[in-house]
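Colleague: All you need for the working numbering is the position in the sequence shown, starting with 1, plus 49.
Ideal Cβ positions, reconstructed from N, Cα and C, are used throughout, including at glycine.
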Amino acid sequence: MTLKIKWTGRAINDFDSILKFLESEWNKKVLIKFIRILTSKLDLISFFPGIGVRIFEDKDVRAISITKHSRLYYRLKNNTIVILRIFDTRKDPSKFTF
50 MTLKIKWTGR AINDFDSILK FLESEWNKKV LIKFIRILTS KLDLISFFPG IGVRIFEDKD
110 VRAISITKHS RLYYRLKNNT IVILRIFDTR KDPSKFTF
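1) In whole angstroms, what separates the C-alpha of L125 from that of I113?
2) If I follow the unbroken alpha helix (DSSP H) through T88, where does it start and stop?
3) Say whether the segment 132-143 touches the segment 57-65, bearing in mind that this needs 3 or more beta-carbon pairs closer than 8 angstroms, one atom from each stretch.
4) Taking the C-alpha atoms as reference points, what is the distance between F96 and W56?
5) Is it buried or exposed for G101, if we count other Cβ within 10 angstroms and need 16 for buried?
6) Report the three-state DSSP secondary structure of L133 (helix, strand or coil).
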């Protein structure tokens, strides 16, 4: 059974920022590859929501790597995967919030 996926506003903003960066600094091929990898990771967590590493026990937040430079943070809530953030791992981690 696959679970529904819902994106938070922050996660959508993160995704848009990453796409703009890839398009301006790299090329369309890299952009498309990122989208394909992200889509496959979303498919994976919708089938196996417990696959991500549990980051915060009290908030039940999990993380899964998308690429070596990005991580997806999510939580399971009412049989829905809630995408919280997509974080560029090259950024200062002290600026990371949910």
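Modeller: Checking against the coordinates, here is how it stands:
1) By one-based count along the sequence shown, residue 125 stands at place 76. By one-based count along the sequence shown, residue 113 stands at place 64. One Cα belongs to L125, the other to I113, and the distance between them is close to 13 angstroms.
2) Taking the sequence shown and counting its residues from 1, the one referred to as residue 88 is at position 39. 77-96 is the extent of the alpha helix (DSSP H) around T88.
3) With the cut-off at 8 angstroms, the segment 132-143 and the segment 57-65 touch.
4) The residue you call residue 96 lines up with position 47 of the sequence shown. The residue you call residue 56 lines up with position 7 of the sequence shown. Cα to Cα, the separation comes out at about 17 angstroms.
5) Position 52 of the sequence shown holds residue 101. Looking at its Cβ environment, which holds 16 or more other Cβ atoms inside 10 Å, G101 is buried.
6) Position 84 of the sequence shown, counted from the start, is the residue given in the question as residue 133. L133: strand per DSSP, three-state reduction.
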